[in-house]
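Structure first, commentary second.
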Amino acid sequence: MVYLDYNATAKVRPEAAAAVAAALAEGGNPSSIHAAGRTARAKVERARAAVARLVGASATALTFTSGGTEADALAIESAVAAGAARIIVGATEHEAVVETAKASGLLVEDWPVDGLGLADLGWLEARLKDGPRSLVCLMLANNETGVVQPVADAAALVRAADGWLHVDAVQAAGKVAIDFEALGADTLALSAHKLGGPQGVGALIAGPRTVLTRQIHGGGQERGVRSGTENVAGIAGFAAAAAAADLGAMLAQAAWRDAFAERVKAAGASVLGEGAPRLPQTLSFATPGFASEVQVMGLDLAGVMVSAGAACSSGKVRSSRVVEAMGRPDLAPFAIRISGGWASTAEDWARCGEAWAELFARHQARRRQTVEA
Ligand code: PLP
């Protein structure tokens, strides 16, 4: 079996699985003052430093959450509580950002992207001039296309307008270098399971301008922001995965990805976001007339796991909102995403390419038969 769906969830790294198992075996509540509690507390604080290091942030800036979705919500709700009167949301943002912004009850404006999926900085500059104090949400890398946004440039514009910038870095972390300070964001969301850690644990990094609002009331854990006994095992697994992140190995995937891309382009496919800065291990492409679900199911039968641009929680494939935002609604029903990760090999990408080519040949033969009949 070939697994090339790391942007949905990465295979768990052995280091992370071992750290989870060790933490579960050791036990202890980090709030207890006895030896077991102190050991668990030390584990959580070491993990905080390790995850913060991955993005060049200080440990004190990091709050653990239940994942990327909660980190996005914590950032957005905190900015709203601090006085944001409008939320500007990149057109290709994840639902975790889009839906939380909508639920805030504030005015939400859609920030357009160009044909490559890059946010239009000129639009933002003009928009920030006339509006109320705004929270701007711009992801670092897109989950479907891998397109990397000009976050530092956006941050300068947002800062000049005295707004807040939230960056969803869930897909970028562990795949490309991230320096929180250099990005200039106020908040940055992370999720363990996209980089080889366990599911159900994430983090929000918050800079000095941000005051996080209490989301869950209770015992006062995570400096009062998020009560509840910490997910010590998950946090330990997150830290192990963050420490094992290997950006060089990710970069190596770009050549395998691009060889695959040449193959599908020769068959008439369009590579989405090609020409924009992209994550090295993500390929999204659309082959007109060749439905996403037919490709995903056909590849699955051939032992290759990939995904359509967007899958909702029901498991159904729906037309890609991201591709539509890029001005290509005609391609949206045909987009699929291949995404490698820490355990992916050149052979995985090559096998996926062969399986896709066979599937495409069968699709064309069926089309010819239909036309002749
Ligand atoms: N943001 C982006 C860009 C994502 O790709 C995802 C996961 O699909 C999330 C947020 C949500 O993260 P989690 O699954 O940890 O809640």
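My numbering puts the first residue of the sequence shown at -9, with every later residue one more than the last.
Using N, Cα and C, we set each Cβ at its ideal position, and we do this for glycine too.
Buried/exposed call for residue i, threshold 16 Cβ in 10 Å
i, result
"residue 361", "exposed"
"residue 201", "exposed"
"residue 310", "buried"
"residue 328", "buried"
"residue 277", "buried"
"residue 129", "buried"
"residue 173", "buried"
"residue 97", "exposed"
"residue 78", "buried"
"residue 3", "buried"
"residue 23", "exposed"
"residue 210", "exposed"
"residue 216", "buried"
"residue -9", "exposed"
"residue 270", "buried"
"residue 227", "buried"
"residue 207", "exposed"
Straight-line gap, residue i to residue j (C-alpha atoms, nearest Å)
i, j, result
"residue 365", "residue 220", "Residue 365 is absent from the model: the chain starts at -9 and stops at 363."
"residue 43", "residue 281", "42 Å"
"residue 90", "residue 63", "6 Å"
"residue 426", "residue 14", "Because the chain here runs from -9 to 363, residue 426 falls outside it and cannot be looked at."
"residue 74", "residue 121", "11 Å"
"residue 20", "residue 29", "7 Å"
"residue 154", "residue 135", "25 Å"
"residue 325", "residue 273", "10 Å"
"residue 105", "residue 318", "8 Å"
"residue 178", "residue 348", "42 Å"
"residue 55", "residue 286", "32 Å"
"residue 146", "residue 264", "26 Å"
"residue -4", "residue 189", "13 Å"
"residue 59", "residue 107", "22 Å"
"residue 88", "residue 363", "46 Å"
"residue 133", "residue 25", "42 Å"
"residue 203", "residue 69", "9 Å"
"residue 17", "residue 36", "16 Å"
"residue 320", "residue 140", "26 Å"
"residue 197", "residue 258", "46 Å"
"residue 313", "residue 27", "49 Å"
"residue 345", "residue 294", "8 Å"
"residue 8", "residue 71", "40 Å"
Coil, strand or helix - residue i by DSSP
i, result
"residue 236", "coil"
"residue 149", "helix"
"residue 154", "strand"
"residue 264", "strand"
"residue 30", "helix"
"residue 177", "strand"
"residue 343", "helix"
"residue 166", "strand"
"residue 0", "coil"
"residue 317", "coil"
"residue 21", "coil"
"residue 41", "helix"
"residue 125", "strand"
"residue 189", "coil"
"residue 363", "coil"
"residue 280", "coil"
"residue 161", "coil"
"residue 8", "helix"
Residues that DSSP places opposite residue i in a beta bridge
i, result
"residue 326", "275 and 298"
"residue 216", "206"
"residue 131", "138"
"residue 292", "Looking at the DSSP assignment, residue 292 forms no beta bridge with any residue, so it has no partner."
"residue 196", "177"
"residue -8", "294"
Any non-hydrogen atom of the ligand FMN closer than 7 Å to residue i Cβ
i, result
"residue 88", "Among the ligands modelled here, namely the ligand PLP, the ligand FMN does not occur."
Next on the checklist: Which complete beta strand (DSSP E) runs does the region 44 to 119 hold, if anything under 3 residues is left out?
Outcome noted: 52 to 55, 76 to 80 and 97 to 101
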